Amino acid sequence: MTKFSGPTSNSFISQRLRLHYVDWGNHDAPPLVLVHGGRDHCRSWDWVAEELSKDWHVVAPDLRGHGDSAWSEDGEYSVRACVYDLAQLIHQLKFDPVTIVSHSYGGAISLRYAGIYPEKVRKIVAIEGLGPSPKVIKERFSDTPGQRMRDWIDSKRAAAGRTSKKYATLEDAYQRMKTENSYLTDEQARHLTVHGISQNEDGTYSWKFDNYFRVMTPYDIPYEDIQTLWEAITCPALLLYGEKSWASNPEEDGRAKHFKDATVKVYENAGHWLHHDQFDRFIADMKAFL
């Protein structure tokens, strides 16, 4: 992995929130947006951005409630809200038609955007971005509407009373990062920790993301509508999965059939963050696809 000097920090307004993004320059090149996943931040793309910024105008936003973006006052972190934020970023930067590389929750956001605005997306890479498998969704939404809403209210109340976990030192936070993903090198783990944490007034450290993100909306759009959005995507899609991840392979669970032009690849010896775990292979596959 190469060393990099880093991008410039910028902000834009979406739904009255000031949201942060970094810009890697090369403004005359075609636009490309990197969209991170849940409880992550835009600087987790730095190694990828360094490789792509030679040929692309690369921008990476912090999702609402993540990194250096504002926290939603009512704890609204639904995919729907984040799709608007992504649409606003692309609109304000006049980035369409755009190429998107995304991960996890950012993949769910980006794929829906591509289905809503198929004419605005040239190509899309989604790393484990289709969300839970059909089997998991069926199990998750088996409760009655009343029970689901009660559980959501209870979870929101619990989040309101929860304080962010504090680490006495940066080293403690770094060790937690290493525990979370054993595939990370020391360099990767330190970089992700430094950019993903902030110091509290008492000198301790806490992760930047809003704990309310852990409490997702009890209702999404119907699953059939999500499939319809996938079917509306007209650009080529590259769907990547880690062999050691919890995510379900869309070729095996049937979701890949909803895409007009999708290639699915599985990475051995990789988990949910395969773009970190198998960086060289990911870069080679992504560049060949783009």
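full-length UniProt numbering numbers the first residue of the sequence shown as 1 and each following residue consecutively.
Every residue gets a Cβ at the ideal spot worked out from N, C-alpha and C, and that includes glycine.
As the structure is a prediction and not an experimental result, all values here were calculated from the model.
- Message: Can you find the residues in the same chain that come closer than 8 Å, C-beta to C-beta, to PRO218, ignoring five residues on each side of it along the sequence?
- Response: ARG148, MET149, ASP151, TRP152
- Message: What residue range does the beta strand (DSSP E) around HIS57 cover?
- Response: 57-61
- Could you pull the start and end residues of the alpha helix (DSSP H) that ASP277 belongs to? 274-277
- Task: Report, in whole angstroms, the separation of the C-beta atoms of ILE100 and VAL35, which I expect to be a contact under 8 Å.
- Result: 6 Å
- Message: Pull the bridge partners of GLY242 from the DSSP assignment, please.
- Response: TYR267
- Quick one, are the C-beta atoms of ASP23 and VAL59 less than 9 Å apart? yes
- C-alpha gap between PRO134 and ALA232, whole angstroms: 19 Å
- Which residues mark the beginning and the end of the alpha helix (DSSP H) in which LYS123 is found? Here LYS123 belongs to no alpha helix (DSSP H); instead the beta strand (DSSP E) covers 121-127.
- Message: Can you tell me whether GLU252 is buried or exposed? The criterion is at least 16 other CB atoms within 10 Å of its CB, across all chains shown.
- Response: exposed
- Item | Three-state secondary structure assigned by DSSP to LEU19 | strand
- Residue ranges of each alpha helix (DSSP H) within the region 139-192, 4 or longer: 145-160, 170-180
- Message: Judging by CA-CA distance, which residue of GLU268, PRO7, HIS41 is the nearest neighbour of HIS27?
- Response: PRO7
- Task: State the Cα-Cα distance for the pair THR185 and THR144, rounded to the nearest angstrom.
- Result: 45 Å
- Message: Distance check for VAL98 and LEU32, CA to CA, integer angstroms please.
- Response: 6 Å
- So the alpha helix (DSSP H) THR228 belongs to, where does it begin and stop? 223-232
- Which partner residues does THR204 have in the DSSP bridge list? Answer is none; THR204 lacks a bridge partner.
- Query: What do you get for LYS260, buried or exposed, if any count of 16 or more other CB atoms within 10 angstroms of its CB means buried?
  - Reply: exposed
- Item | Where GLN278 falls, given that 16 or more other Cβ within 10 Å makes a residue buried | buried
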